[in-house]
Amino acid sequence: MGTVNLRRVLDHSAAEIWPHIQDFENIQRILPMISHADLTSEQSCGLGAERICYMRGGGFALHERVLDWKEGESYTIELWTTSMPMMERSVTTVGVKPVGPNRAEVFFVANY
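Going left to right, the sequence shown walks through residues 21 to 132 as the numbering used here numbers them.
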């Protein structure tokens, strides 16, 4: 199993950043390797929301669902099926945490 751990501190509050992170259908705004995503559930975010992400370049499809949702902080998603070779399953947490006045760390931790 491997891990990808990306973190970046931004000069914005966590409250300013969260709306961009929670936009489950528009993940391509924060992950440029995704061309677009389609919701496959009635809910657009929160526990149980599902989507298909389409990768740039190879055109691979990633079917994901939300396993955990902490409003204003983070969410964890499971990749449960994909057309990407040699990738069976992954669990990823995306979130934001304050690190000072008007500063926050955005994080993306994927275990695959």
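For every residue, glycine included, the Cβ atom is placed at its ideal position computed from N, Cα and C.
Predicted model, so just to flag it, every value in this text is computed and none were measured.
Burial state of Leu99 (16 or more Cβ within 10 Å): buried
Could you give the first and the last residue of the continuous alpha helix (DSSP H) run that contains Pro39? 34–41
Drop a sphere of 10 angstroms on the beta-carbon of Arg71, count the other beta-carbons inside from all chains shown, and report buried for 16 or more, exposed for fewer. buried
Own chain partners of Thr102 with C-beta closer than 6 angstroms, once the 5 adjacent residues on each side are dropped: Leu82
Residues bridged to Arg85 [DSSP beta-bridge criterion]: Glu70, Glu98
By a C-beta neighbour count over all protein chains shown, 10 Å radius and 16 as the cutoff for buried, is Glu91 buried or exposed? exposed
Distance check for Ile54 and Ile47, CA to CA, integer angstroms please. 7 angstroms
Proximal residues to Asn131 (C-beta, below 7 angstroms), its chain only, five neighbours per side dropped: Met21, Thr23, Ser110, Val111
When the Cα of Gly68 is compared with those of Leu87, Leu59, Met75, Asp58, which residue comes out closest? Leu87
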